[in-house]
Structure formats: C-alpha cells, structure tokens
C-alpha cells in the first residue's frame, strides 16, 4: 500500500525567502506525481505534474523534482510572497487513484 | 467554463437522512473519482470509475453508493447519514487512470450532519 509523507507539516517564513517542501513515497512504481495547492475552505489547484520518466518540472517561481528510485519529490518556491500562503499537497498516481500526503501548511509573513 | 463541477457546495442535514451529491466534468475524461477530506484535512480515495465501470471501492460503507450514468457524470448517494460522514467530498477526473495529464478536482461539497 502506497504511503505518502510530507515534511514539514507546517512552515512559516518571511516574505522573499525560498521555500523547500519535501514529499516521500514508499512504492516507487508510480505513473507520475502531482503537486497541488489548497487554500482554506477551497478546492485543489494543480501546480505541477511530473511524469515518472521526468526528473523535474518548472512553472514560473515553482520547480518540482522527482527521484523515483529513492521515492522522493521536492517542491521549491522561489522568492516567496504572502499570496503563497496555503497548504501544499503532494500526490502520487497509482492504478486508478491518487495517494495524498497530509500536506505542508505554508505561511509567508509580510 | 468549470471543468469539474459539484453540486451542492454546502449541505447541512440531520442524522438518518439520505442525500446526493452530483458531479459533472466537461473535459472529456474517461475516469472519475470521489475523494473524502476529513477534519484533519487528509484526502482519501473513496471510489474510482473508468468508462462508467466501478474500478475502486476503497472500503467505503455500503451506505455510500456511487452512480455513473455516463462518462461525464459521477453522482454520490449517501443513505442513513451519520455524524461521522461530516467532511468535504471532492469529485475529480482524469484522462486515463494514472495518465500523463494529471487530475482535475472540483471545488468540493462540505457536508455537515447534525
């Protein structure tokens, strides 16, 4: 059974700092990995999708890496802004489902 | 245009009632899902449907019955609601299960059982 762990559970940084969010998973036989953002009381917004054959994906200030053999992914957010405050969820694609981590709640202080 | 839409957004009901949540996607995806987010914000798969066929039923009580009339719709009916059913329920879809295109989620239905 796939288990996904996200560290840290919460993170508070001053504006402008770079953010590093970690995700690990137990079964490396995944199709791909997806990072989501969830604002309080809202739905999930897809940030980045990394296919199992890829090592990283970039979108603007966001960069996600994937090391499938070691079961790890890292989401980097450069030059954080208060608008980046949210919960970030890592999810791995198994057969016919996503397995989620518990999330990292980020607070960026102005 | 909303890609994955759920109705209602909020649902408050008494214990013992029966209620339904509807989900529709206009992305042409062939796989749809229901996820439950509990009070600790953890998201867990409930059901997965591929081309209207049930693929995953993740140890969900029989009181929960999904129905997929076509590839674009996946509804969730809940009988005899219990306090523990209070949660946010998310519908999602993907092009192909485990595909290279990722999952798209609806905005969620917040169910409160009193």
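Residue numbers (the working numbering), protein chains in the order written: chain A, 1 to 110; chain B, 1 to 114.
Glycine residues also receive a C-beta, built at the ideal position from the N, C-alpha and C atoms.
The model shown is predicted, which means the values in this text are computed figures rather than measured ones.
query                                                                                                                                                                                                      : result
Below 7 angstroms between beta carbons is the criterion; list the residues of the segment 34-61 of chain B that meet it against any residue of chain A, in chain order.                                    : 41, 42, 43, 45, 48, 50, 55, 56
Which residues of chain A have a Cβ atom closer than 7 angstroms to the Cβ of residue 102 of chain B, listed in chain order?                                                                               : 34, 46, 49
Under 6 angstroms Cβ to Cβ from residue 21 of chain A, same chain only, skipping five residues before and after it: list those, please.                                                                    : 75, 88, 104
Kindly list the residues whose CB is nearer than 8 angstroms to the CB of residue 69 of chain A, restricted to its own chain and excluding five residues on each side of it in sequence; keep chain order. : 28
If you check the beta carbons only, do residue 99 of chain A and residue 25 of chain A fall under 9 angstroms apart?                                                                                       : yes
So that I know if they touch, is there some Cβ in chain B lying closer than 9 angstroms to that of residue 26 of chain A?                                                                                  : no
Here's the rule: buried if 16 or more other CB atoms are within 10 angstroms of the residue's CB, otherwise exposed. What is residue 10 of chain B?                                                        : exposed
Out of B/114, B/111, B/106, B/112, state which residue places its alpha-carbon closest to the alpha-carbon of residue 46 of chain A.                                                                       : B/106
Can you list, in chain order, the residues of its chain with a C-beta nearer than 6 angstroms to that of residue 78 of chain A? Leave out the 5 residues immediately preceding and following it.           : 18, 61
Should residue 68 of chain A be flagged as near chain B, meaning a C-beta pair shorter than 9 angstroms?                                                                                                   : no
Could you pull out every unbroken beta strand (DSSP E) segment of at least 3 residues lying fully inside the segment 28-57 of chain B, listed in chain order?                                              : 31-37, 43-50, 53-57
Assign residue 32 of chain A to buried or exposed, taking buried as 16 or more other Cβ atoms, counted over all protein chains shown, within 10 Å of its Cβ.                                               : buried
Per DSSP, what kind of secondary structure is residue 81 of chain B in: helix, strand or coil?                                                                                                             : coil
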